[in-house]
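Data block below; observations after.
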Amino acid sequence: MKKRILVFVIALSYCFASLLTLVSCKSTYLNSKKSPILLDITKEADSNAFVNLRNYSNDFVFDMKYATADNFLKEKVYPCDECFLRVKTVKALLEANKSFIEKGFKIKLYDCYRPRAIQKKMWRIIPDANFVANPKKGSIHNRGGAVDISLVDSLGVEVDMGTRFDFFGEEASHNYQNLSDEILANRKFLKDIMLQNNFRIFESEWWHYNLNGSNKDAVSNKKWRCEN
460 MKKRILVFVI ALSYCFASLL TLVSCKSTYL NSKKSPILLD ITKEADSNAF
510 VNLRNYSNDF VFDMKYATAD NFLKEKVYPC DECFLRVKTV KALLEANKSF
560 IEKGFKIKLY DCYRPRAIQK KMWRIIPDAN FVANPKKGSI HNRGGAVDIS
610 LVDSLGVEVD MGTRFDFFGE EASHNYQNLS DEILANRKFL KDIMLQNNFR
660 IFESEWWHYN LNGSNKDAVS NKKWRCEN
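For the sequence shown, position 85 matches number 544 in this note's numbering, and the numbering has no gaps at all.
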């Protein structure tokens, strides 16, 4: 009898441990379900938590390139076009977009948070640190503190920045000056407002902005399930 009870307890313990493992695995996924109403980012107490930008504003244009094959990899590497970021990044981005909207523009997003697993997938496609951050170190995208962006005007027309997104020639650099006055002014406009809202540039890419201090955050591999 005692032996049967011991076997039962061991089996129960194993099942309980398995259940915890299952819950733990599920907890690594981000909630992709959209809120029926817009949420207030100032009510989010954990500044490091990951949230879906779409739940906090309708004033962004989304063109998530890595959820399509329209990118330098020529492959779709995201399952769907979600834009997750840490709460503190969303707060700063909302303020920046508010400034752009006051001047008749909106932020257009190409990329947001990127799980480390996706970084590894990109590295397998193009294992070159000149184009893809090595997943061993990780990028600011993997930390939830980076955005790839441009601007659209009041008619939804994308502002001319001189090169397409993910163009890796010298023309994409902030220091490159052999461009028209209009393009230089457009890049400066984008840069000035982003810097005023706690972001910093990535020198070789006019579209890439990092939240100040986000390099200190941990690399994350939290993924999301696509919601219909």
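Every residue gets a Cβ at the ideal spot worked out from N, C-alpha and C, and that includes glycine.
Computed from a predicted structure; not experimentally measured.
Suppose the cutoff is 8 Å on Cβ atoms and the five residues either side in sequence are ignored; what does the same chain contact list for residue i look like?
i: G597; result: R575, Q578 and V678
i: N656; result: A551, L552, E554, A555 and S558
i: K535; result: Y525, A526, T527 and A528
i: C484; result: In this prediction, C484 has a pLDDT of 33, which is less than 50 and means its spatial position is unreliable; nothing more can be read from the coordinates.
i: D522; result: K567, L568 and Y569
Would residue i pass as a contact of residue j if the rule is Cβ separation under 9 Å?
i: W666; j: A631; result: yes
i: K675; j: I660; result: no
i: F509; j: N556; result: no
i: K607; j: F564; result: Reading the sequence as shown, one finds Asp at residue 607 and not Lys. Cβ atoms of D607 and F564: not closer than 9 Å.
i: N669; j: A605; result: yes
i: D625; j: F531; result: yes
i: L497; j: N517; result: yes
Specify the secondary structure class of residue i as computed by DSSP and reduced to three states.
i: L489; result: strand
i: I585; result: coil
i: S477; result: The predicted model places S477 with a pLDDT of 34, which falls under 50 and marks its position as unreliable, so this point remains unresolved.
i: D640; result: helix
i: F698; result: Because residue 698 is not part of the residues shown, which for the chain are 460 to 687, the question remains open.
i: M460; result: Bear in mind that the predicted position of M460 carries a pLDDT of just 46, short of 50, making it too unreliable to give a figure here.
Pull up the DSSP beta-bridge partners for residue i, would you.
i: N511; result: F543
i: A659; result: The question names Ala, but residue 659 is Arg in the sequence shown. BP columns for R659 point to N669.
i: D607; result: D570 and H667
i: F564; result: D612
i: K682; result: Y488
Since residue i contacts residue j with CB under 8 Å, what's their CB separation in whole angstroms?
i: K547; j: S494; result: Incorrect: roughly 19 Å between the Cβ atoms, too far for contact.
i: R545; j: G603; result: 4 Å
For residue i, I'd like the list of residues in its chain whose CB is within less than 7 Å of its CB, leaving aside the five on either flank, ordered along the chain.
i: K462; result: Because the pLDDT at K462 is just 43, under 50, the model does not fix this residue reliably, and the point stays unresolved.
i: N645; result: V618, D619 and M620
i: E541; result: S491, N511 and W683
i: A592; result: Q578 and S598
i: Y635; result: E629
Compare the C-beta of residue i with all C-beta atoms of chain E and state if any pair is closer than 9 Å.
i: E629; result: Of the protein chains in this structure there is only one, and it is not chain E.
Compute every distance between the C-beta of residue i and the non-hydrogen atoms of the ligand NAD, then say whether any falls below 8 Å.
i: K596; result: As far as ligands go, the structure on display features none, and thus does not contain the ligand NAD.
Which residues in the same chain as residue i place their Cβ atom closer than 6 Å to its Cβ, once the five residues preceding and following it in sequence are excluded?
i: E503; result: V546
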